[in-house]
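Going down the list, the sequences are from chains B and G.
When you read off a place in the first sequence, starting at 1, and then add 49, the result is the number in the numbering used here.
When you read off a place in the second sequence, starting at 1, and then add 49, the result is the number in the numbering used here.
There are 2 protein chains.
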Amino acid sequence: MDVGTYVHNVGRQARAAARVIAKADTATKNRALKEMAAAIARSRKELLEANARDLQEARKQQLDSAMIDRLTLTPKVIAAMADGLKQIAALRDPVGEITELRKRPSGIRVGKMRVPIGVVAIIYESRPNVTADAAGLCVKSGNAAILRGGSEGIHSNLAIAACVHAGLRVAGLPESVVQVIETTDRAAVGELITLQDAVDVIVPRGGKSLIARLMRESRIPMIKHLHGVCHTYIDDKADLKKAIRIADNAKTQRLGTCNTMETLLVARGVAARVLPPLARIYLEKGIELRGDGEARRIVPEMKPATEEDWYTEYLGPILSVRVVKDLDEAMDHIATYGSQHTDAIVTEDKARARRFLREVDSSSVMVNASTRFADGYEYGLGAEVGISTDKLHARGPVGIEGLTSLKWVVYGTGQIRK
Amino acid sequence: MDVGTYVHNVGRQARAAARVIAKADTATKNRALKEMAAAIARSRKELLEANARDLQEARKQQLDSAMIDRLTLTPKVIAAMADGLKQIAALRDPVGEITELRKRPSGIRVGKMRVPIGVVAIIYESRPNVTADAAGLCVKSGNAAILRGGSEGIHSNLAIAACVHAGLRVAGLPESVVQVIETTDRAAVGELITLQDAVDVIVPRGGKSLIARLMRESRIPMIKHLHGVCHTYIDDKADLKKAIRIADNAKTQRLGTCNTMETLLVARGVAARVLPPLARIYLEKGIELRGDGEARRIVPEMKPATEEDWYTEYLGPILSVRVVKDLDEAMDHIATYGSQHTDAIVTEDKARARRFLREVDSSSVMVNASTRFADGYEYGLGAEVGISTDKLHARGPVGIEGLTSLKWVVYGTGQIRK
Chain B
50 MDVGTYVHNV GRQARAAARV IAKADTATKN RALKEMAAAI ARSRKELLEA NARDLQEARK
110 QQLDSAMIDR LTLTPKVIAA MADGLKQIAA LRDPVGEITE LRKRPSGIRV GKMRVPIGVV
170 AIIYESRPNV TADAAGLCVK SGNAAILRGG SEGIHSNLAI AACVHAGLRV AGLPESVVQV
230 IETTDRAAVG ELITLQDAVD VIVPRGGKSL IARLMRESRI PMIKHLHGVC HTYIDDKADL
290 KKAIRIADNA KTQRLGTCNT METLLVARGV AARVLPPLAR IYLEKGIELR GDGEARRIVP
350 EMKPATEEDW YTEYLGPILS VRVVKDLDEA MDHIATYGSQ HTDAIVTEDK ARARRFLREV
410 DSSSVMVNAS TRFADGYEYG LGAEVGISTD KLHARGPVGI EGLTSLKWVV YGTGQIRK
Chain G
50 MDVGTYVHNV GRQARAAARV IAKADTATKN RALKEMAAAI ARSRKELLEA NARDLQEARK
110 QQLDSAMIDR LTLTPKVIAA MADGLKQIAA LRDPVGEITE LRKRPSGIRV GKMRVPIGVV
170 AIIYESRPNV TADAAGLCVK SGNAAILRGG SEGIHSNLAI AACVHAGLRV AGLPESVVQV
230 IETTDRAAVG ELITLQDAVD VIVPRGGKSL IARLMRESRI PMIKHLHGVC HTYIDDKADL
290 KKAIRIADNA KTQRLGTCNT METLLVARGV AARVLPPLAR IYLEKGIELR GDGEARRIVP
350 EMKPATEEDW YTEYLGPILS VRVVKDLDEA MDHIATYGSQ HTDAIVTEDK ARARRFLREV
410 DSSSVMVNAS TRFADGYEYG LGAEVGISTD KLHARGPVGI EGLTSLKWVV YGTGQIRK
């Protein structure tokens, strides 16, 4: 069978399975999730063996150590996968909820019902635990899932899929509710992103080149973000102790995450007081600082920042620093160079905080907190399938609710339109 | 200036204007709306003159009478435009509302703020009143608008735009909050739908060929529907009087609207009782009936329906009719042939009604009511910018709230991620 036919069949089966999982009750879905967790726990040996095959191949292909690290399953990672599924089982099921029911002058009652989106395709690289996480989130939200992991993790992903299928079977659900693309042929992704009739949304998780390619080529809506150029603005009404703690944490707590601060903006009025102690912390932690002229006059250790720096998501030990006149100049900078991901202000001035929250057009806006909090678990979503910087549908961390949509329900007693 | 440069400049100005209108307060936006209405009311003569130029050209080009009808401004249509803007001014402003604020274990408080989408481009044909409606909805929801009407209405649209600009000016808002594309060059649409940096969402309103073209070519998300193949299913537990009234209204109250029923499904158990009286009503009203074999045995006047009929949105005096075994067969038919727009069940059985509402995957699902109710005004939205059959973001009639999105807001007191 050629790849096009294979992927087309997967899509057709997913569409049929979507109708079944959409109407499954909460108890059935939770049973499937718990049985998946049990299957993963008792298949530790098989999972490690499958993963060993992937790792052997990865080393042969000389994949870089970061990639091999992400690819590696350990007994701890396996236990975390099983735990994650049990946690998803414990989350509230939003499917079927009816809200905002109102009686209209015509006599009909109109409301909104939360329903699954339908078929969700998740395209990811490296981490095999995404297979279990994504399967769990889709099942709980009543969606059928098509999972396409990177070729480097194919044996691990198929072994995890076997556990997922075991869970679905015990709960009386069709295995086709969660399908893993079994071929490593790269053409499969190209086929998947054009299955407009069979796939409702694509969630890409991976490197920028993958996301950028999908943005160019996909004919199906995506829940995604490309860049995470996150800012912290230290206002001249900031509590400087808080400011230093937050700016330190936002950059250095983890360097490679999308919600890590990449540019620090400091109000002129406090720059001379806050930049020297902050620079000391950063330089001690090995962070390279790149500043504008004014910042460099205060901290001569800074290298000069170029125009390109303000646009750059370093995902590493570099921070760009700019001194700005005031809140307006800070917000102008963010509007010009930001990626609408996560931006924070540090200030004790309530009116300025309100303006920042209202006017900065990012998926998460924060007052007096580290940008690192932009995360599904920290926000209380229980789990996240990804982070979106798009304006439509779900923005920011996307959990179970982001995998659902609202349709209109109308209750009549024989009403007709006049 | 070439079209590409012109449209690019429009986009750049819209992006800048979006930041201004996004932060405008409710009173300012309402003032602009009321002043637009006043300008339209006092410009009746200019509007009729501009429209006369369009109509003269349309007759010269021998546009069909339906198109000329939609293009025509009358004193009544002009008064309705002004009224529409006043009604939008009276609607609640959702922008800036914060909901679901919860304290998290880390100490941060997390909630969601309703915010404008940014820049909305509306591409439409013929009806000049869309210019005023769309401008009003975008201003109220805090969005900048780019309006591209059909070339046949260019003089009318520019005259209405002058009134919109007068209203914006009086309220102290930049005219670039609402821009009408001033060229009738068809290449402008092609440019507009690729302005990914400047336009956040496109709302196409017009014929199927326009929508289908935009679906193929747009690189920007759309709020749209292509087909409206709406069904009414008469269950064997239906109140047959209600069923006849609803099925009559759903088809015949207006023939050319997207929420008009195109296919009637009737349960076998009541077909012999409900189809003859219904057929009499339809045939008296000049509706051509196309049935499956079973329906034709009951009503011999029906022509045979082909497979193609079940997929067809007639938008005219034709109805396809099928006898089905039960609710499941009805829902299978809708899943196979429907367009996920609006579907209704007539039944007195609560469990079956619940199943229909839950399992039929359409933007509006109804019990014991005419599909013709799927409309922004009937649902209480005040006005609608369009109807969406997409799964993400807004489904069904889209009003002011559908032109907004939710971003995350985080209130901290110095919290950092551990």
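Don't be surprised by glycine CBs; every beta carbon is placed ideally from N, CA and C.
Computed from a predicted model, the values in this text were never measured in an experiment.
>> One question on the structure: do residue 316 of chain B and residue 347 of chain B come within less than 8 Å of each other, judged by their Cβ atoms?
In response: By 1-based counting over the first sequence, the position of residue 316 of chain B is 267. By 1-based counting over the first sequence, the position of residue 347 of chain B is 298. Contact flag unset, no.
> Taking the C-alpha atoms as reference points, what is the distance between residue 339 of chain B and residue 293 of chain B?
Replying inline: For the purposes of this step, residue 339 of chain B is taken as residue 290 along the first sequence, with counting starting at 1. For the purposes of this step, residue 293 of chain B is taken as residue 244 along the first sequence, with counting starting at 1. If you take the alpha carbons of residue 339 of chain B and residue 293 of chain B, they lie about 18 Å apart.
> Are residue 240 of chain B and residue 53 of chain B close, meaning C-beta to C-beta below 8 Å?
Replying inline: Taking the first residue of the first sequence as 1, we reach residue 240 of chain B at position 191. Taking the first residue of the first sequence as 1, we reach residue 53 of chain B at position 4. Result yes, Cβ atoms of residue 240 of chain B and residue 53 of chain B sit closer than 8 Å.
>> Report the start-end ranges of each alpha helix (DSSP H) in the stretch 282-355 of chain G that is 4 residues or longer and not cut off at the edges.
In response: With a minimum length of 4 residues, the continuous alpha helix (DSSP H) runs that stay inside the stretch 282-355 of chain G are 289-301, 317-333, 342-347.
> chain G beta carbons: is any one of them nearer than 8 Å to that of residue 233 of chain B?
Replying inline: Here the question's residue 233 of chain B lines up with position 184 in the first sequence. No, no contact with chain G.
>> Pull the bridge partners of residue 457 of chain B from the DSSP assignment, please.
In response: Walking along the first sequence from the start, residue 457 of chain B turns up at place 408. Answer is B:161, G:413, bridged to residue 457 of chain B.
>> Below 8 Å on the Cβ atoms is my contact criterion, and I expect residue 481 of chain B with residue 413 of chain G to pass it. Report the Cβ-Cβ distance as a whole number of Å.
In response: Past the edges of chain B, shown from 50 to 467, lies residue 481 of chain B, and the structure says nothing about it.
>> Could you pull the DSSP bridge partners for residue 385 of chain G from this structure?
In response: By 1-based counting over the second sequence, the position of residue 385 of chain G is 336. None, per the DSSP bridge assignment.
> At a cut of 8 Å, does the stretch 148-160 of chain B reach the stretch 386-402 of chain G through at least three beta carbon pairs?
Replying inline: In short, these stretches do not touch, since the Cβ pair count stays below three.
> What is the DSSP secondary structure of residue 368 of chain B, reduced to helix, strand or coil?
Replying inline: Sequence index remark: in the first sequence, residue 368 of chain B carries index 319 (1-based). Strand, per DSSP.
> Would the beta-carbon of residue 251 of chain B fall within 8 Å of that of residue 266 of chain B?
Replying inline: In the first sequence, the residue the question calls residue 251 of chain B occupies position 202. In the first sequence, the residue the question calls residue 266 of chain B occupies position 217. Contact flag unset, no.
> Using Cβ-Cβ distances below 7 Å, what residues of the stretch 432-462 of chain G are close to chain B?
Replying inline: Answer in chain order: 440, 441, 442, 444, 445, 454, 455, 456, 457, 458, 459, 460, 461, 462.
> What number of angstroms, rounded off, separates the C-alpha of residue 81 of chain B from the C-alpha of residue 384 of chain G?
Replying inline: Within the first sequence, numbered from 1, the residue matching residue 81 of chain B stands at position 32. Within the second sequence, numbered from 1, the residue matching residue 384 of chain G stands at position 335. Cα to Cα, residue 81 of chain B sits roughly 26 Å from residue 384 of chain G.
> From this set, G:140, G:112, G:103, G:88, which residue's C-alpha is nearest residue 76 of chain G's C-alpha?
Replying inline: If you number the second sequence from 1, residue 76 of chain G lands on position 27. Measuring from the Cα of residue 76 of chain G, the nearest candidate turns out to be G:140.
>> Just to confirm before moving on: does the CB-CB distance between residue 172 of chain B and residue 238 of chain B stay below 8 Å?
In response: Position 123 of the first sequence, counted from the start, is the residue given in the question as residue 172 of chain B. Position 189 of the first sequence, counted from the start, is the residue given in the question as residue 238 of chain B. With contacts defined by Cβ atoms closer than 8 Å, residue 172 of chain B and residue 238 of chain B form a contacting pair.
>> Within 10 Å of its beta-carbon, does residue 125 of chain B have 16 or more other beta-carbons around it, so buried, or fewer, so exposed?
In response: Numbered from its first residue, the first sequence carries residue 125 of chain B at position 76. It counts as exposed.
>> Let me make sure I understand the geometry here. Which of G:381, G:351, G:441 has the alpha-carbon closest to that of residue 367 of chain G?
In response: Taking the second sequence and counting its residues from 1, one reaches residue 367 of chain G at position 318. Residue 367 of chain G has its Cα closest to that of G:351, out of G:381, G:351, G:441.
>> Could you tell me which whole alpha helix (DSSP H) segments of length 4 or greater appear in the stretch 199-228 of chain G?
In response: If you keep only unbroken alpha helix (DSSP H) runs of at least 4 residues inside the stretch 199-228 of chain G, you get 203-219.
>> With a threshold of 8 Å on Cβ separation, who are the neighbours of residue 145 of chain B within its own chain once the five nearest residues in sequence on each side are excluded?
In response: As a working mapping, residue 145 of chain B is identified with position 96 in the first sequence. Same-chain partners within the cutoff: 162, 163, 164.
> So residue 308 of chain B packs on residue 402 of chain B, CB below 8 Å; how close in whole Å?
Replying inline: By one-based count along the first sequence, residue 308 of chain B stands at place 259. By one-based count along the first sequence, residue 402 of chain B stands at place 353. Between residue 402 of chain B and residue 308 of chain B the Cβ distance is about 19 Å, and since that is not below 8 Å, they are no contact.
> Of the residues that make up the stretch 333-367 of chain G, which ones have a beta carbon closer than 8 Å to any beta carbon in chain B?
Replying inline: Going along the stretch 333-367 of chain G in chain order, one finds no residue with a Cβ nearer than 8 Å to chain B.
>> Please give the ranges of any alpha helix (DSSP H) in the stretch 103-188 of chain G, keeping only runs that are unbroken, at least 4 residues long and fully inside the region.
In response: Listed in chain order, they are 114-120, 124-139.
>> Does the stretch 55-67 of chain G come into contact with the stretch 176-188 of chain G, if we say contact requires no fewer than three beta-carbon pairs (one atom in each stretch) closer than 8 Å?
In response: Short answer: they don't touch.
>> Taking CB distances under 8 Å as the criterion, tell me whether residue 192 of chain G reaches chain B.
In response: To locate residue 192 of chain G, count along the second sequence from 1; it is residue 143. The Cβ of residue 192 of chain G sits no closer than 8 Å to any Cβ of chain B.
>> Using a Cβ-Cβ distance cut-off of 8 Å, determine whether residue 273 of chain B contacts chain G.
In response: Here residue 273 of chain B refers to the residue found at position 224 of the first sequence. It does not: the Cβ of residue 273 of chain B has no partner Cβ on chain G nearer than 8 Å.
> If contact means a Cβ-Cβ distance below 9 Å, which residues of the stretch 247-279 of chain G contact chain B?
Replying inline: So the close ones are 249, 250, 264, 265, 268, 270, 272.
> For the putative contact between residue 279 of chain G and residue 231 of chain G, defined by C-beta atoms under 8 Å, what is the C-beta separation to the nearest angstrom?
Replying inline: The residue given as residue 279 of chain G occupies position 230 in the second sequence. The residue given as residue 231 of chain G occupies position 182 in the second sequence. The Cβ separation is near 38 Å, so there is no contact.
>> Quick test of your reading: residue 297 of chain B and residue 330 of chain B, contact by CB under 8 Å. State the CB separation rounded to the nearest angstrom.
In response: On the first sequence, position 248 is the one that residue 297 of chain B refers to. On the first sequence, position 281 is the one that residue 330 of chain B refers to. Sure, about 5 Å apart at Cβ, within 8 Å.
>> Going by the DSSP bridge assignment, what does residue 452 of chain G pair with across the sheet?
In response: Locating residue 452 of chain G in the second sequence gives position 403, counting from the first residue. Residue 452 of chain G is not bridged to any residue.
> Using a Cβ cut-off of 8 Å, which residues of the stretch 160-174 of chain B contact any Cβ in chain G, in chain order?
Replying inline: Only 162, 164, 166, 167 from the stretch 160-174 of chain B bring a Cβ to less than 8 Å from some Cβ of chain G.
> Given a threshold of 16 other Cβ atoms within 10 Å of its Cβ, counted over all protein chains shown, does residue 464 of chain B qualify as buried or as exposed?
Replying inline: By one-based count along the first sequence, residue 464 of chain B stands at place 415. A buried status is given to residue 464 of chain B, since no fewer than 16 other beta-carbon atoms sit within 10 Å of its beta-carbon.
> With 8 Å set as the bound, which would you pick, yes or no: does the beta-carbon of residue 62 of chain G sit closer than that to a beta-carbon of chain B?
Replying inline: The sequence position of residue 62 of chain G within the second sequence is 13, counting from 1. No - not a single Cβ of chain B is within 8 Å of the one on residue 62 of chain G.
>> Please report whether the beta-carbon of residue 300 of chain B lies at a distance below 8 Å from any beta-carbon of chain G.
In response: Counted from its first residue, the first sequence places residue 300 of chain B at position 251. Chain G contact via Cβ: absent.
> Where residue 277 of chain G and residue 444 of chain G are concerned, what is the direct C-alpha to C-alpha distance, given to the nearest angstrom?
Replying inline: Within the second sequence, the letter at position 228 stands for residue 277 of chain G. Within the second sequence, the letter at position 395 stands for residue 444 of chain G. For residue 277 of chain G and residue 444 of chain G, the distance between alpha carbons rounds to 13 Å.
> Which ranges does the beta strand (DSSP E) cover as unbroken runs of at least 3 residues, wholly within the stretch 234-272 of chain B, from first to last along the chain?
Replying inline: Every beta strand (DSSP E) stretch that sits fully inside the stretch 234-272 of chain B and reaches 3 residues is listed by chain position as 250-254.
>> I'd like the span of the beta strand (DSSP E) that includes residue 194 of chain G, first residue to last.
In response: One-based indexing of the second sequence puts residue 194 of chain G at position 145. Here the beta strand (DSSP E) through residue 194 of chain G covers 193-197.
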